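Participant: This is the structure I want to talk about, given as structure tokens.
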Amino acid sequence: MRLRNFFDSLLIGILWLSGLFILLILLAIIVYLVWRGGPFVSMEFLLTSPKGLPLGSEGGVFPAIKGTLWLIGLALAWSLLPALATAIYLSEYHDNSRIATLINLLIQSMAGVPSIVIGLFVYALGVVALGWGISLLAGSLALAIMIFPVLAISSRDALQAIDQDYRLVATSLGVGNSYTLLRIVLPQAVPGILAGILLATGYAAGATAPIMVTAAAIIANSSGVLLEPVMALPYHLYILFNEHISLDQAYATALVLVGLLLIINFLALWLQRLSERTNAQ
Amino acid sequence: MNAVELINFNSQYSRNKVLRNINLIFAPNAITAIIGPSGCGKTTLLRSINRTAEMESSYKNQGDIKVLGQSVFTIKDVSRVRRQVGLVYQTPIALPFSIKENVLFGPKYYGEKKPANLNFILEDCLQKAALWDEVKDRLDKPASQLSGGQKQRLAIARTLAVKPQVLLLDEPCSSLDPASTGLIEELLQSLAHELTIIIVTHNLFQARRIANETVFILDGEVIEKGPTETLFTSPVSEKTKNFTAGLFG
Amino acid sequence: MSLKENLIRIFFFSIAIVSALLLVFILFFILKESGAIWAQVGIINFLTKSTWQPMATPPQFSILPMLVSTLWVAFGALVIAIPFGFACAIFLAEFAPAALARLIRPVLNMLTGIPSVVYGFLGATVLIKYLEVSFDLASGESLFAASLVLALMVLPFIIANSENALRSVAQEYRQASIALGVSKQYTAIRILVPLAIKGMLGAVILAFGRAIGETMAVLMLAGNTLTIPFSWFAKGEPLPALIALELGSATPGTSHYQALFATGFVLILIVIMVNLSINLFLWHWQRGL
């Protein structure tokens, strides 16, 4: 029995440590980035272009921020409507459950496809075969394919979380599916869908592999021209480190990127809570 | 003309037979109660009449159901049947709108746009559902704030707003307190002057208090149907007698 | 159903089916781009020889070293992440005070939200420096370093999904066990974990799929040498890193270009197989097998 008690105490100690370790990891990452990168982040860093020799050892990351925003914005533009339509089909119109199961399975598998493979696909199709070259268009398309399953799955779940009773009531009043969808289900699902969009945005903002083969350049103005290469924060970070340009600048870039993503994540969590509360009512 | 008529009606989920050879006539402008033990097919019967049972993909039926003389299965547009035959569910359901928008949800779908007409429908239906006095000062407040009994009356008002000729209720009082139950029973009796009402209830007292006629269903078959008093006091079938005996002991 | 409703239904259905079939299209397209390389090298040679030399004459294409690196890094990451992830999941599901659990869950989300290039960067500047200094190595880049950082990256997935599995165990088991005077710890290990183990393994398979496809972290940490690794502490170059590093320099249509697409095809097949297996697994599980 004493042994039993000893093991019980040991186990609870291990469990507590592992839980606290998780908090420690995030804290350590943030504190370390702020410590190493904080002194180099300034308005000037955010709002000027890379300068110095080698290029990027001085100056800022403004074109990379712009490029990342262009990439995310366009990726959402390509994928949001198809993803929403797919989610609506899966949640509201799936009479033939076999086909719906198949579509679900395909989309789930798509979510597992490594992002570099998506980059490979868009490289062959867009960059080479269609002659776009390394470009904003190709990169945003790769990101669009990458976030499509995230958007579709999160929107589907947000729609399915809406009380089934609302649909029953509407049907028994003779009200058509599409009207119910537009008037009741979609408005109710908006916070959940928005949370999914934010998660997908964060995912796209941090993705490096697919854009390094389709869109990213070491230096570009990133002014939104579809057939020109762009800079992007994650790729810029990779280059600063990998080409040994400047470690200080790299830490500052990492801090900006992580800061951006944490803000997006906070918003997504907040919206998720909000939607859970509405659905619980 | 009979309000609702079931002719040799059978239904099943997958291979599981729920209703067998039902032949029933429901009289117009009267309340008919359907009683029977849980799982005997009462709810399926109700949902078959306004064709919401079909939403379950494993559901199948044979035979015919006529509402006001016309077979519901020959009507191409199911929504017309559902509009004609309103259904109120067991749990009170408030749509995520204001009280006003709950009532006007159906009429707006059917294209009513004039504010004067909409306001008339709103007041008229809430009056008929005996809810007007309680909510007339907070029509724009979310319906989720109402009590269970109020939500159930709101559900009735919402159904009345699309002008049904038949009103089906599936154990509408099972989750309500006695006071709310009393209110709903009263309003059903006054609605029966202009509507055909079919109510499924597990509360035999309720059937006896409000129904003109009562149907007893057991294992998917109609055992007995007759004027409520007769069915309760001198039933023909031994099974009915055993079931209603619960009333006294 | 009215004509209008039918048209709307068909509209949503067509978009859904076209979007879902995109995956099939991607597969076929990548297979098509890999073209003649399969016949030229042979499937068996492609997978089992140990030399990748696109610039040699004749060029040699075999992905065995990269395949071994990929699997080694991914399994290594799991070996590190599993004990830790399961412990944390048990803590969250059974022992953590509600307020602490409410804090840890969003933290897990945020750890997932940090991009892999940042993990790779921190791994390269902090972890590898540390390995070099404390073990006096010329270079700390190794499969081990990649596994360690990858473990950190898949940890949130393992924890979140294992916690779900543990939570879905019916409350009665806990009550029945506690009623016998058995400690909460003993209950968790002897009763709850065995009941939830299939869901927890599902979480592990999911994490494995992630680890195999991860590019940036392994690219920055594994050392990028094209030889077969014979130790966890050797350098290697997993498949995604190979594609990312060489795609830009391969001229379209050459056998080098085709070989990279063949590599991509192998990678996607592995991941899809992992994914299907988890679906089958969960499906059997839900049917009470």
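Residue numbers (the numbering used here), protein chains in the order written: chain U, 186 to 466; chain R, 1461 to 1709; chain X, -16 to 272. Note that CB positions come from ideal geometry on N, CA and C, so glycine has one too. As the structure is a computational prediction, the values presented were derived from the model and not from experiment.
Determine the chain U residues that contact Arg1598(R) at a beta-carbon separation under 9 Å, and present them in chain order.
Facilitator: Ordered by position in chain U, no residue passes the 9 Å Cβ test against Arg1598(R), which lies about 17 Å from the chain.
Participant: What residues in the stretch 1498 to 1512 of chain R have a beta carbon less than 9 Å from any beta carbon of chain U?
Facilitator: Here the close residues are Arg1507, Asn1510, Thr1512.
Participant: Based on the DSSP output, what are the partners of Lys1492(R) in its beta bridges?
Facilitator: Correcting the residue type first, residue 1492(R) is Thr in the shown sequence and not Lys. Ile1658(R), Glu1673(R), per the DSSP bridge assignment.
Participant: Is DSSP giving Asp1730(R) helix, strand or coil here?
Facilitator: There is no way to answer for residue 1730(R), as the model of chain R reaches only from 1461 to 1709.
Participant: Measure the alpha-carbon distance for Leu412(U) versus Ile430(U) and round it to whole angstroms.
Facilitator: Between Leu412(U) and Ile430(U), the C-alpha separation is close to 27 Å.
Participant: Please report the distance separating the alpha-carbon of Leu272(X) from that of Ala72(X).
Facilitator: Here Leu272(X) scores only 43 on pLDDT, less than 50, and its place in the model should not be relied on; the value that follows carries that caveat. Roughly 24 Å separates the two Cα atoms.
Participant: Listing by chain order, which chain X residues have their CB less than 7 Å from the CB of Gly198(U)?
Facilitator: Result: empty, since nearest Cβ-Cβ is about 10 Å, beyond 7 Å.
Participant: According to DSSP, is Phe230(U) part of a helix, a strand, or is it coil?
Facilitator: It is helical.
Participant: Just the chain X side, please: which residues come within less than 9 Å of Ser294(U) by C-beta, in chain order?
Facilitator: Those within 9 Å of Ser294(U) in chain X are Leu6, Val254, Ile255, Asn258, Leu259, Asn262.
Participant: For Ile111(X), which option in Phe140(X), Phe44(X), Ser130(X) has the closest C-alpha, if you only look at C-alpha atoms?
Facilitator: Minimum Cα distance to Ile111(X) is reached at Ser130(X).
Participant: Identify each residue in the stretch 289 to 319 of chain U for which the Cβ-Cβ distance to at least one residue of chain X is less than 8 Å, and report them in chain order.
Facilitator: So the close ones are Leu290, Leu291, Ile292, Gln293, Ser294, Met295, Gly297, Val298, Pro299, Ser300, Ile301, Val302, Ile303, Gly304, Leu305, Phe306, Tyr308, Ala309, Leu310, Val313.
Participant: Just the C-alpha distance for Gly1709(R) and Glu155(X), rounded to the nearest angstrom, thanks.
Facilitator: Because the pLDDT of Gly1709(R) is 36, which lies under 50, any placement of that residue in the model is unreliable, and the number read from its coordinates should be weighed accordingly. So the two alpha carbons sit approximately 36 Å from each other.
Participant: Take Gln23(X) and list the residues in its own chain whose beta-carbon comes closer than 7 Å to its own, dropping the five residues that flank it on each side.
Facilitator: Closer than 7 Å at the Cβ level, and outside the excluded window around Gln23(X), lie Ser238.
Participant: Comparing the CB of Gly387(U) with every heavy atom of the ligand GTP, is any distance shorter than 7 Å?
Facilitator: With respect to the ligand GTP, the structure offers nothing, as it holds no ligand at all.
Participant: Using Cβ-Cβ distances below 7 Å, what residues of the stretch 352 to 380 of chain U are close to chain R?
Facilitator: Under the 7 Å Cβ criterion, the stretch 352 to 380 of chain U contributes Leu353, Val354, Thr356, Ser357, Leu358, Gly359, Val360, Gly361, Tyr364, Ile369, Gln373.
Participant: Considering Cα atoms alone, identify which of Ile207(U), Ile319(U), Asn190(U) is closest to Gly414(U).
Facilitator: Reading the sequence as shown, one finds Pro at residue 414(U) and not Gly. Closest by alpha carbon: Ile319(U).
Participant: To which residues does DSSP link Phe1486(R) through a beta bridge?
Facilitator: Answer by DSSP bridge pairing, in chain order: Val1464(R).
Participant: Please go through the same chain and pick out, in chain order, the residues whose beta-carbon is closer than 8 Å to the beta-carbon of Arg1542(R), but skip the five residues on each side of it.
Facilitator: Counting only Cβ-Cβ distances below 8 Å, and skipping sequence neighbours, we find Asn1510, Arg1511, Thr1512.
Participant: What are the residues that DSSP puts in a beta bridge with Val1626(R)?
Facilitator: Paired residues: Val1545(R), Thr1656(R).
Participant: Suppose you measure from the CA of Lys(-13)(X) to the CA of Arg283(U); what does that come to, to the nearest Å?
Facilitator: C-alpha separation (whole angstroms): 24 Å.
Participant: At the 8 Å Cβ level, is Gly1608(R) part of the contact set with chain U, yes or no?
Facilitator: For Gly1608(R), the answer is no, since every Cβ of chain U falls outside 8 Å of its Cβ.
Participant: Identify, in the order they occur along the chain, each residue of the same chain with its Cβ nearer than 6 Å to the Cβ of Asn207(X), setting aside the five sequence neighbours on each side.
Facilitator: Closer than 6 Å at Cβ, skipping near neighbours: Glu220.
Participant: By Cβ distance, which residues of its chain are closer than 6 Å to Met183(X), with the 5 residues on each side in sequence left out?
Facilitator: So the list reads Ser145, Ala148, once near-sequence residues are dropped.
Participant: So which residues of chain U does Leu1614(R) contact, with C-beta pairs closer than 7 Å?
Facilitator: Those do not exist, as Leu1614(R) stays about 11 Å from chain U at its closest Cβ, beyond 7 Å.
Participant: Note down the Cα distance separating Ala1621(R) from Pro1567(R), rounded to an integer number of angstroms.
Facilitator: If you take the alpha carbons of Ala1621(R) and Pro1567(R), they lie about 6 Å apart.
Participant: Who are the neighbours of Gln168(X) on chain U, taking C-beta pairs under 7 Å?
Facilitator: Within 7 Å Cβ-Cβ: Asp193, Leu196, Ile197.
Participant: Go to Gln1687(R), then tell me how far its beta strand (DSSP E) extends in each direction, as first and last residue.
Facilitator: Before going further, note that residue 1687(R) is Pro rather than Gln in the sequence given. Pro1687(R) -> beta strand (DSSP E) spans 1681 to 1687.
Participant: Once DSSP output is grouped into helix, strand and coil, what is the label at Ile1525(R)?
Facilitator: Of the three classes helix, strand and coil, the one that applies to Ile1525(R) here is strand, per DSSP.
Participant: With DSSP as the reference, please indicate the residues paired to Phe1469(R) in a beta bridge.
Facilitator: Answer is Ile1482(R), bridged to Phe1469(R).
Participant: Would you be able to state if there are at least three C-beta pairs under 8 Å between the stretch 194 to 204 of chain U and the stretch 392 to 411 of chain U?
Facilitator: With the cut-off at 8 Å, the stretch 392 to 411 of chain U and the stretch 194 to 204 of chain U do not touch.
Participant: Just to confirm my understanding: we take Ser340(U), look at its own chain, exclude 5 residues before and 5 after, and list those with CB closer than 7 Å. What are they?
Facilitator: Cβ within range, chain order: Ala268, Leu269, Ala272, Ile378, Gly381.
Participant: Going by the DSSP bridge assignment, what does Asn1476(R) pair with across the sheet?
Facilitator: Beta-bridge pairing links Asn1476(R) to Tyr1473(R).
Participant: Tell me the rounded alpha-carbon separation between Ala296(U) and Lys1477(R).
Facilitator: About 42 Å.
Participant: Report back the beta-carbon spacing between Ser1471(R) and Thr1492(R) to the nearest angstrom; my notes put them in contact at under 8 Å.
Facilitator: Ser1471(R) to Thr1492(R), Cβ: 19 Å. No contact.
Participant: According to DSSP, is Gln158(X) part of a helix, a strand, or is it coil?
Facilitator: DSSP places Gln158(X) in helix when its eight states are reduced to three.
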